[in-house]
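Right, one structure below, let's go through it.
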Amino acid sequence: MTHLSGPARATYVRNMFARIARRYDVMNRLMSAGQDGAWRRAVIEAAALRAGARILDVATGTGDMLIEALKRHPGASAVGSDFTLEMMQAGQDKAGAQRIRWCAADALHLPFTDGSFDAVTSGFGVRNFIDRMAAFREQWRVLKPGGRVVCLEISKPPRNLLRPFFLLYFNHLVPIVGGIISGQRDAYRYLPQSVNEFLTPDELKAAMEHAGLREVRYRRLMLGTVAIHTGIR
Ligand SMILES: C[S@@+](CC[C@H](N)C(=O)[O-])C[C@H]1O[C@@H](n2cnc3c(N)ncnc32)[C@H](O)[C@@H]1O
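FYI, the numbering for the sequence shown is 31 to 263, going by the working numbering.
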């Protein structure tokens, strides 16, 4: 996979998520040791939604981010977009997903008018995009002035004593367990590869600033293996 770039890489990513869609949630819970719910709650908090807010979750997958948003803000209007139909289909019947408006769309070309959302979130999506700057520019464009982008992503932990354990877990254990549960071992080899190739939290912050976002900040969670970035239009 690492040899792929541009549209070929995007096609690889889409096909891979289509294959693992039905097992995606189970693997997420397992790999995050049940912590991903808490991370999503932190994202929704950082989005600072007001009553009746319009929220867009890009690369929404099975919709967990918006299910969390609607739990906390029942009056919000929630749109989830993704380019893998199978992921959204796998999420549609989940409790709390009925109020999500699902939209098939590439994160690099969002089919929404300028300034239409109060917040744009993403969870574990940006790492997969072939052009992250273009994605953040699109997020900036569809946000209302004053609206927030909140991005949840995996990151390589800082150089400390725990780093070798994380790398061992991620590079070796995850592909084995993911392979057994999903039957798609290559998909769970892609995961550590994509994390290894991904931007550091500081680089991601810089990308968001380049896209026009201001007051960009991030916090690291789970011993530095996950980061939440926030920026304002
Ligand atoms: C790791 S999953 C994350 C799903 C969900 N956001 C979550 O928090 O669990 C990555 C998702 O990104 C989507 N994706 C990757 N590249 C995309 C793109 N260019 N446009 C839209 N969706 C994309 C995939 O289809 C997949 O559903």
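All C-beta atoms in this analysis are idealised placements derived from N, C-alpha and C, irrespective of residue type, glycine included.
Rounded to whole angstroms, how far is the Cβ of R178 from the Cβ of A137, which I believe are closer than 8 angstroms?
As a position in the sequence shown, residue 178 is number 148, starting the count at 1. As a position in the sequence shown, residue 137 is number 107, starting the count at 1. Not really, about 17 angstroms apart at Cβ, beyond 8 angstroms.
Of the residues Q119, L251 and G261, the one placed nearest K235, counting alpha carbons only
Position 205 of the sequence shown, counting from 1, holds the residue named residue 235. Looking at the Cα atoms, G261 is the closest of the given residues.
Tell me which same chain residues have a C-beta within less than 7 angstroms of the C-beta of Y54, skipping the five on either side of it?
As a position in the sequence shown, residue 54 is number 24, starting the count at 1. Closer than 7 angstroms at Cβ, skipping near neighbours: G91, T92, M117 and A120.
Using 8 angstroms for Cβ pairs, my map puts F113 next to R44. What's the rounded Cβ distance?
By one-based count along the sequence shown, residue 113 stands at place 83. By one-based count along the sequence shown, residue 44 stands at place 14. Yes, F113 and R44 are in contact; Cβ-Cβ is about 6 angstroms, under 8 angstroms.
Backbone secondary structure at L198 - three-state DSSP
Translated into the one-based positions of the sequence shown, residue 198 becomes position 168. L198 falls in the helix class under three-state DSSP.
Sequence-distant residues of the same chain with beta carbon closer than 7 angstroms to V204, five excluded per side
Taking the sequence shown and counting its residues from 1, the one referred to as residue 204 is at position 174. Here the set comprises M61, Y218, L221 and P222.
Can you look up G213 in the DSSP assignment and give me helix, strand or coil?
Sequence index remark: in the sequence shown, residue 213 carries index 183 (1-based). The answer is coil: DSSP assigns G213 none of H, G, I, E or B.
From the DSSP secondary-structure annotation, give me the bridge partner or partners of L34.
Taking the sequence shown and counting its residues from 1, the one referred to as residue 34 is at position 4. For L34, which the question treats as bridged, DSSP gives no partner whatsoever.
Check whether the Cβ atoms of M163 and H240 sit closer than 8 angstroms, and answer yes or no.
To locate residue 163, count along the sequence shown from 1; it is residue 133. To locate residue 240, count along the sequence shown from 1; it is residue 210. The answer is yes: Cβ separation under 8 angstroms.
In terms of residue numbering, what span does the beta strand (DSSP E) encompassing I184 cover?
In the sequence shown, residue 184 corresponds to position 154, counting from 1. Taken as a continuous stretch (DSSP letters only), the beta strand (DSSP E) holding I184 covers L173 to I184.
Applying the 10 Å Cβ sphere with the 16-neighbour rule, what's the burial state of E233?
The residue labelled residue 233 in the question sits at position 203 within the sequence shown. E233 is exposed by the Cβ-count criterion.
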